[in-house]
Structure formats: structure tokens, C-alpha cells
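*Asks:*
Number of protein chains: 2
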Amino acid sequence: MNIQAFSARTGISAHTLRYYEKIGLLRRVQRLPNGHRNFSEADLRWIEFVQRLKDTGMPLEQIHHYADLREAGDNTLAERQQLLEDHANHLRESIAQQQQHLDKLNDKIALYRSAVKRGRLSCPRLPQPA
Amino acid sequence: MNIQAFSARTGISAHTLRYYEKIGLLRRVQRLPNGHRNFSEADLRWIEFVQRLKDTGMPLEQIHHYADLREAGDNTLAERQQLLEDHANHLRESIAQQQQHLDKLNDKIALYRSAVKRGRLSCPRLPQPA
DNA sequence: GCTTGACTTAGAGTCGACTCCAACGGCTAA
DNA sequence: TTAGCCGTTGGAGTCGACTCTAAGTCAAGC
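First to last, the protein sequences are chains R and G.
FYI, the numbering for the first sequence is 800 to 929, going by the working numbering.
FYI, the numbering for the second sequence is 800 to 929, going by the working numbering.
1) Here's a check: name, in chain order, each residue in its chain whose Cβ is nearer than 7 Å to the Cβ of R:Ala866, leaving out the five neighbours to either side.
2) Hey, how far is the Cα of G:Leu904 from the Cα of G:Thr855?
3) So, helix, strand or coil for G:Asn801, using DSSP?
4) Can you list the residues of chain G that R:Leu876 reaches, using a CB-CB cut of under 8 Å?
5) Between G:Glu840 and chain R, is there a C-beta pair that is closer than 8 Å?
6) Look at R:Leu920 and G:Leu876 and say whether their C-beta atoms are less than 8 Å apart.
7) Residues of chain G with a CB under 8 Å from the CB of R:Leu904: which are they?
8) Once DSSP output is grouped into helix, strand and coil, what is the label at G:Arg891?
9) Do G:Ile908 and R:Ala887 have their CB atoms nearer than 8 Å?
10) Quick one: give me the first and last residue of the alpha helix (DSSP H) that R:Thr815 is part of.
11) Is DSSP giving R:Arg830 helix, strand or coil here?
12) Which word fits R:Gln829, buried or exposed, when buried means at least 16 other C-beta atoms lie within 10 angstroms of its C-beta?
13) Is the CB of G:His864 under 8 Å away from at least one CB in chain R?
14) So, using beta-carbon positions, are R:Ile802 and R:Arg836 closer together than 8 Å?
15) Output yes if chain G places a C-beta closer than 8 Å to the C-beta of R:Asp867; else output no.
16) The alpha helix (DSSP H) with G:Phe848 in it runs from where to where?
17) What first and last residue would you give for the alpha helix (DSSP H) that runs through R:Leu859?
18) Can you tell me the Cα-Cα spacing of R:Val915 and R:Arg891, whole angstroms?
19) I need the straight-line Cα distance from G:Leu816 to G:Arg879, nearest angstrom please.
20) I'd like to know whether the C-beta of G:Ile908 is nearer than 8 Å to at least one C-beta of chain R.
21) If distances are taken between C-alpha atoms only, which option among G:Arg808, G:Leu868, G:Gln861 and G:Asn874 comes closest to R:Gly918?
22) My assumption, with CB atoms under 8 Å, is that G:Phe848 sits in contact with G:Met800. Please give the rounded CB distance.
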């Protein structure tokens with residue numbers, strides 16, 4: 800798979816893919832005799848996992864660390880598991896927080912809905928004069 | 800409330816508060832005769848709302864736009880409502896997406912759990928030789 | 001009167017994550 | 001054989017959001 804095809808399948812720009820290889824998120828990408836990258840299905844599975852970590856807020860540096868562990872072999876399994884569990888815990892908390900934010904936002908929207916009907920936002924403390 | 804007290808109550812650094820005022824997220828902050836800022840309870844409520852928008856992924860530029868609308872008065876109520884509803888919809892989708900990511904992550908962690916017991920990650924296709 | 005410390009400003013620097021640029025190579029089609 | 005692509009590289013530039021620095025003001029305490 801050349802870089803354009805891989806870009807199309809991952810939704811990551813060719814620029815960014817080269818950048819990821821440069822900083823070590825993608826490693827040992829095969830090359831054709833002319834020097835062009837030749838991405839594999841394994842690269843695809845890996846980059847999809849990288850995307851998941853990134854999309855859930857893990858910094859590239861930490862993903863890089865995970866890649867280091869992965870490269871180091873089976874004696875880093877426990878550390879990788881720990882890393883993923885910590886990340887999953889953060890994610891759980893973050894989702895709960897976002898849900899709270901959403902609830903509050905919906906409260907505010909409800910205020911706006913009735914305010915738009917009245918044409919003003921402020922809610923007077925006292926009944927309007929007759 | 801001086802900038803330190805306001806910083807303590809919001810969790811936003813004094814640096815960042817000045818920055819927010821500079822870029823127009825905080826407006827018409829009162830000053831003491833010596834030029835020091837004197838934040839009000841209304842400033843507090845506003846900045847907490849700003850934090851909520853920011854924490855849910857709204858760029859400062861869009862929050863700035865909301866501040867513009869707010870400043871323009873009651874004839875922007877409908878537009879503000881729309882902006883918040885759009886944002887709430889994005890947030891809803893984002894939460895669903897994050898939840899999916901979490902589920903997949905948990906699947907992977909489950910794999911790791913059993914892998915750590917075995918001491919290797921790969922799952923052989925065939926039963927082990929006797 | 002002098003130091004200390006919190007505050008002020010404009011503007012520069014940092015950081016993470018891209019994003020682009022210039023200069024080049026190799027393949028194909030006219 | 002030359003034009004037009006697609007690919008390569010190192011390195012520079014951009015962007016959002018801070019974060020810090022330098023130089024200054026001002027009030028309180030010793």
C-alpha cells in the first residue's frame with residue numbers, strides 16, 4: 800500500500816504519516832526498491848490503535864512510549880496492561896465529566912428556549928407590575 | 800476580588816486570566832483606583848461558563864464569538880441558543896464516540912489480562928502440541 | 001526612606017501537533 | 001526527451017493556547 804492509499808484508508812494525511820514515522824510512532828515501514836513506503840495490514844492495525852489512543856487524549860509522546868514497550872517484547876506485557884488500564888480509567892472519568900458538562904449545557908439551553916419566547920434572558924425576581 | 804483570589808476560585812492562573820482579558824473573553828473587568836483588577840461574582844459565573852465551553856472542546860475563538868453575541872444584547876438570543884445547541888449536539892456525539900473507544904480499549908485490556916498470565920500476547924491458531 | 005511583594009503592561013517564548021516548502025528522484029506517456 | 005506525477009528528505013513555518021520576561025507602579029511595613 801503506498802502512502803496515498805494508506806492515507807485514504809486511515810484518514811491521516813501523507814504529511815502526518817511521514818511525521819509519525821519521523822517521531823517513531825510508525826516503525827520499520829517496508830520500502831520498495833525506489834524508496835517509496837509500502838504499508839502493510841499490520842501497519843494499518845497499529846495506526847488504528849494509535850488513532851484510538853490519540854483520539855482519547857493520549858499525547859503522542861506517551862503513545863511513543865507504548866510503542867517502545869511493544870518493541871521491547873513480551874516482558875513488557877504487564878507494563879503495557881497497566882498503561883492501558885490507567886488510560887481507560889482517565890477516559891472513564893473524562894466521559895463522566897463530559898456528561899456532566901452536557902447536562903449543565905442542556906439546562907442552559909432550556910433557559911434560552913424560554914428566553915427566546917419572551918425576547919429576553921433575565922428572569923425578574925418579582926412579578927411584573929400589573 | 801483581586802487576580803490571585805479570582806485565580807484561586809477558578810483554578811485559572813493569573814497569567815491566563817490576563818490573557819483571556821487581552822483576547823476579549825473577559826470584558827469590562829472593574830479596576831481599583833490603583834489599576835488593579837477587581838473581579839466580581841458575575842465575572843466568576845461567566846468564566847465558569849467559559850471553562851465549561853472550553854473543557855468540552857470549544858475553541859477560544861468561538862467562545863469569543865459567543866461573548867460578542869452576549870454583549871450585543873437580547874436580539875442575539877436565538878443565535879446564542881443555536882450555537883449552544885450545535886455545541887451540545889457535537890458533545891453528545893463526542894461522548895458516544897469516546898464511549899466506543901473505551902469499550903474497544905477494555906477489549907484490548909482483557910486480551911492483555913490473559914496474555915500477562917500466559918506471558919505472551921499472541922494467540923496461537925492451533926492447540927499446543929501435547 | 002527603603003525594601004518587599006502584588007499588581008500592571010507589551011511583547012517574546014514555549015509546546016504539541018501538525019503542515020508546508022524546496023530540492024530532488026524515478027516512472028510513464030506523448 | 002521532456003513534462004507531469006508521485007514519491008523522497010530535512011528543515012522551516014503555523015496554529016491554538018498558553019506562559020513567561022522585563023520593566024514599571026504602588027502600598028504597606030520596618
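Glycine included, C-beta positions come from ideal geometry on N, C-alpha and C.
*Replies:* If we stick to the structure as given:
1) Cβ-Cβ distances below 7 Å link R:Ala866 to Gly823, Leu824 and Arg826 in the same chain, with the five nearest sequence neighbours on each side left out; the list follows chain order.
2) Each residue's alpha carbon lies about 22 Å from the other.
3) In this structure, G:Asn801 counts as coil in the three-state DSSP scheme.
4) Under the 8 Å cutoff, chain G gives Tyr911, Ala914, Val915, Gly918, Arg919 and Leu920.
5) No, G:Glu840 does not count as interfacial toward chain R.
6) Going by C-beta atoms, R:Leu920 is nearer than 8 Å to G:Leu876.
7) Within chain G, the residues Arg851, Thr855, Leu883, His886, Ala887 and Leu890 have their CB atoms less than 8 Å from the CB of R:Leu904, given in chain order.
8) Of the three classes helix, strand and coil, the one that applies to G:Arg891 here is helix, per DSSP.
9) Against a cut-off of 8 Å, the Cβ pair of R:Ala887 and G:Ile908 comes out as a contact.
10) Segment Ala813 to Lys821, the alpha helix (DSSP H) holding R:Thr815.
11) For R:Arg830, the secondary structure class from DSSP, reduced to helix, strand or coil, is strand.
12) It is exposed - the Cβ of R:Gln829 has fewer than 16 other Cβ atoms within 10 Å.
13) Look at G:His864: its C-beta is not under 8 Å from any C-beta on chain R.
14) A contact, by the Cβ cut-off of 8 Å.
15) Not an interface residue.
16) Here the alpha helix (DSSP H) through G:Phe848 covers Glu840 to Asp854.
17) Here the alpha helix (DSSP H) through R:Leu859 covers Leu859 to Ala871.
18) Approximately 36 Å, taken between the alpha carbons.
19) Per the coordinates, the alpha-carbon of G:Leu816 lies some 24 Å from the alpha-carbon of G:Arg879.
20) So, interface residue.
21) When each option's Cα is compared against that of R:Gly918, the closest is G:Asn874.
22) Not really, about 17 Å apart at Cβ, beyond 8 Å.
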